[in-house]
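Undergrad:
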Amino acid sequence: MPKRIIKKYMPDPKKLQEQKSLRFLGKLLEDPGLLHLTRRSVARAFMVGIFFAFIPVPFQMVLAAAGAVLLHCNLPISVGLVWLTNPITMPVIFYGTYLVGAGLMGVEAQPMPDELTLEWLSNLIQDAWAPLYFGSVVTGLVLAVASYFGVHLFWRWHVNKSWKTRHDRPRPPKV
């Protein structure tokens, strides 16, 4: 079951409270719900983590941690999902959100170059920050809501499948 696999990698609550990067949350980290693996907690964590993964700002993990604390959802999952936008995937994802924003705003999008350079990226941000951020927020919201409901559906499907498997299992004869 996925819950057992996830539980194996969950951090110790004491170590979580000792993290320097999370100290700004103070007493809020003492909420035991931040490490629970329930359908609602995990679905909210997906919503928070995926939303902040698509927002091109520094310290996405800190924002995801703050969002997880405010919504009382699973902290490690929401922070871990921010890594969907890592240095390898970031250019492609943010260019895609830029295209979404440009399309929604009616702005002509700049084409993607043959070679990705920091100079091209800095020019794109200077010239197209509004479509980039607008597209990022729209894409982040859409995917966050979709992941929230997707986790709920997957969780229910998995529980129903487990119950059916348990019900269909042959029982030992009564003696």
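Numbering that gives the first Met the number 0 numbers the first residue of the sequence shown as 0 and each following residue consecutively. Using N, Cα and C, we set each Cβ at its ideal position, and we do this for glycine too.
Report all residues from its chain with a CB closer than 6 Å to the CB of G66; omit the five preceding and five following residues, and keep chain order.
TA: Here the set comprises V47.
Undergrad: Does any residue of chain B bring its CB to less than 8 Å from the CB of A143?
TA: Given the protein chain composition of this structure (a single chain), no chain B is represented.
Undergrad: Within 10 Å of its beta-carbon, does N73 have 16 or more other beta-carbons around it, so buried, or fewer, so exposed?
TA: With 16 or more Cβ atoms within 10 Å of its Cβ, N73 is classed as buried.
Undergrad: Looking only at its chain, what residues have a beta carbon closer than 6 Å to the beta carbon of G32, apart from the 5 residues adjacent to it on each side?
TA: Result list for G32: H71, in chain order.
Undergrad: Indicate whether the contact test is met: 3 or more Cβ pairs, each with one atom in the region 98 to 107 and one in the region 48 to 65, closer than 8 Å.
TA: Touching, no.
Undergrad: At what residues does the alpha helix (DSSP H) containing M89 begin and finish?
TA: Counting along the chain, the alpha helix (DSSP H) containing M89 begins and ends at M89 to M104.
Undergrad: How many angstroms separate the CA atom of F133 from the CA atom of P75?
TA: So the two alpha carbons sit approximately 27 Å from each other.
Undergrad: Hey, would you say G139 sits closer than 8 Å to F53, going by beta carbons?
TA: Against a cut-off of 8 Å, the Cβ pair of F53 and G139 comes out as a contact.
Undergrad: Could you work out which residue in V141, M111, S77 and I49 is closest to L34 when comparing CA atoms only?
TA: L34 has its Cα closest to that of S77, out of V141, M111, S77 and I49.
Undergrad: Alpha carbon to alpha carbon, how far is N85 from V68?
TA: Roughly 23 Å between the two C-alpha positions.
Undergrad: Ignore the nearest five residues each way along the sequence and tell me which others in P112's own chain have a CB closer than 8 Å to its CB.
TA: Within the same chain, P112 has close Cβ partners W119.
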